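Residue numbers (my numbering): -2 to 339. By construction, the Cβ of each residue, glycine as well, lies at the ideal position given by its N, Cα and C atoms. Just so it is clear, the structure is predicted and the values come from calculations on it, not from any experiment.
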Amino acid sequence: MTAARAITLASRPQGQPTPDNFSLDDITLPAPAKGEFLVRNIWLSLDPYMRGRMDDAKSYAAPVAIGGIMEGGTVGEVMVSENPHFPAGAIVSGQFGWATHTISDGMGVRIIDPSVAPISTALGVLGMPGITAFVGLNDILQAKAGETVVVSAATGAVGSLAAQLAKAKGCHVIGVAGGAKKCAFAVSELGLDACLDHRAHDVKSLAAALKEAAPKGVDCYFENVGGKTTEAVITRMNTHGRIALCGMIAWYSGQGIADAAPLPFAWRNILTRRLRVQGFIIFDHFDRFPAFVSEVAPMVADGRVKFRETVAEGLENAPEAFMALLKGGNFGKQLVRVGPDP
């Protein structure tokens, strides 16, 4: 038996999540059965999609049940194993949830090679956010050298890699981020051609700033946020432009919807500019993982791709870090250090 702790969903949020929506519970795990293994979680990933899991609404995945452990990807160490494919001491990544320990049968779990990069990157630049950026840019947008690419949330876990991969392709890349510090990082460290601070603009002035940064218009838009950024970008899209719809964090908790541009505004721009807009969920594209790792892992190893992490210490601080993430409080990939790194 193993004593563990977990963050469970205490109640469904109305609008933005609050601390009352979460509960820190003590749990006891049995010894692993044949084919199973016990994982001690080291790193927990916090991602915007988790907000949708807190609602009891029809979506592409089932919601977290009241009293259920919050869903999330982790990297951990196998402590006890009854599965020969996952020996004790192995570093593994899986959807183990907001918990200190878990029992797994190996389904959907992969072994991490710590010699390639810090193991935390398996949740960021070399994990789910990374492959999301890779697929969105290459398969959905099909970005080409010489094109202008705009990436929202350009210093986040997905956006920062999408922007860097676009630059590596020879694209003119414009980021949109929240705050002067993030925009400076996007240009000086990530190598973007320009970055616009959405907090310093309303829709009209953001569109004007984008026109100045991209006088020939926008060919590809990697959409992570929704809100006024989307309104501004869609008016600058070139004919036959492409939009990869990855996320819309500005609207996840219901805020800003009443002030959003009406559907006819978006529809008219899509029609008259003959835009291709495609939503995608990365779970449909995990067959691309080998190609993603083959291309991006060497770029991370030799420094061509840079990444940044925001770390909250201790599982008990995951709810606060998650609530801050939804308001743009993270800089780069948001992680929680659940336990010591071996």
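Let me know the secondary structure DSSP gives Ala85 once reduced to three states. coil
Which residues in the same chain have their Cβ closer than 7 Å to the Cβ of Leu21, if we skip the five residues on either side of it in sequence? Arg2, Ile4 and Glu313
What is the DSSP secondary structure of Asn38, reduced to helix, strand or coil? strand
Using the C-alpha atoms, what's the distance from Ser78 back to Glu33? 6 Å
Only counting the same chain, and skipping five residues up and downstream in sequence, which positions put a Cβ closer than 6 Å to that of Arg334? Val308 and Glu310
Would the stretch 124 to 135 count as touching the stretch 155 to 172 if we require 3 or more Cβ pairs under 8 Å? yes
Would a C-beta distance cut-off of 8 Å place Leu120 and Gly70 closer than the cut-off? yes
Delimiting residues of the alpha helix (DSSP H) encompassing Leu322: Ala315 to Leu323
Go ahead and label Ala163 buried or exposed: buried means 16 or more other beta carbons lie within 10 angstroms of its beta carbon, across all protein chains shown. buried
Just the Cα atoms here: how many angstroms apart are Arg295 and Val72? In the sequence on display, residue 295 carries Pro and not Arg. Their Cα atoms are separated by approximately 21 Å.
Please name the residue, chosen from Gly214, Pro45, Ala181 and Ala206, that lies closest to His237 on a Cα-to-Cα basis. Gly214
Report all residues from its chain with a CB closer than 6 Å to the CB of Met76; omit the five preceding and five following residues, and keep chain order. Leu35 and Arg37
Apply the 10 Å Cβ neighbour rule to Thr269 and answer buried if 16 or more other Cβ atoms are within range, or exposed otherwise. exposed
Burial state of Ile63, where buried means 16 or more other Cβ atoms lie within 10 Å: exposed
Thinking C-alpha only, which one of Asp136, Ala318 and Ala204 is nearest Arg273? Asp136
The stretch 105 to 115 in contact with the stretch 136 to 147 per 3-pair CB rule at 8 Å: no
Cut-off 8 Å between Cβ atoms - residues of its own chain near Pro29, not counting five sequence neighbours on either side: Leu35, Val77, Ser78, Glu79, Asn80 and Ile100
What separation, rounded to the nearest whole angstrom, lies between the Cα atoms of Arg285 and Val132? 8 Å
What does the alpha-carbon distance come out to for the pair Gly105 and Gln92? 8 Å
Alpha carbon of Ile39 to alpha carbon of Pro339, nearest angstrom: 9 Å
Alpha carbons only, please: which of Val146, Gly176 and Met(-2) is nearest the one belonging to Leu189? Val146
Backbone CA spacing between Val222 and Ala247 [nearest angstrom]: 5 Å
For Phe342, which of Gly86, Met51, Ala257 and Gly329 has the nearest alpha-carbon? Past the boundaries of the shown model lies residue 342; the chain is included only from -2 to 339, so the question cannot be answered.
Spatial neighbours of Leu332 in its chain, beta-carbon cut-off 8 Å, leaving aside the 5 residues before and after: Trp40, Leu41, Ser42, Leu43, Ser117, Leu120, Gly121, Glu306, Thr307, Val308 and Ala309
Are Ala151 and Gly172 touching if we call contact CB-CB under 8 Å? yes
With distances taken Cα to Cα, identify the nearest neighbour of Pro287 among Leu187, Leu323, Tyr218 and Leu123. Leu123
Inter-residue CB distance, Gln13 and Ser291 (contact presumed, cutoff 8 Å): Not a contact, Cβ separation roughly 40 Å.
Residue(s) in a DSSP beta bridge with Ala309: Val333
So what does Val75 bridge to, in DSSP terms? Val36
Per DSSP, cross-strand counterpart(s) of Gly276: Leu242
Does Tyr218 pass the burial test, meaning 16 or more other C-beta atoms within 10 Å, or should it be called exposed? buried
Residue from Phe83, Ala298 and Ile66 with nearest C-alpha to Ser8: Ile66
Tell whether a beta-carbon distance below 8 Å holds between Lys208 and Arg233. yes
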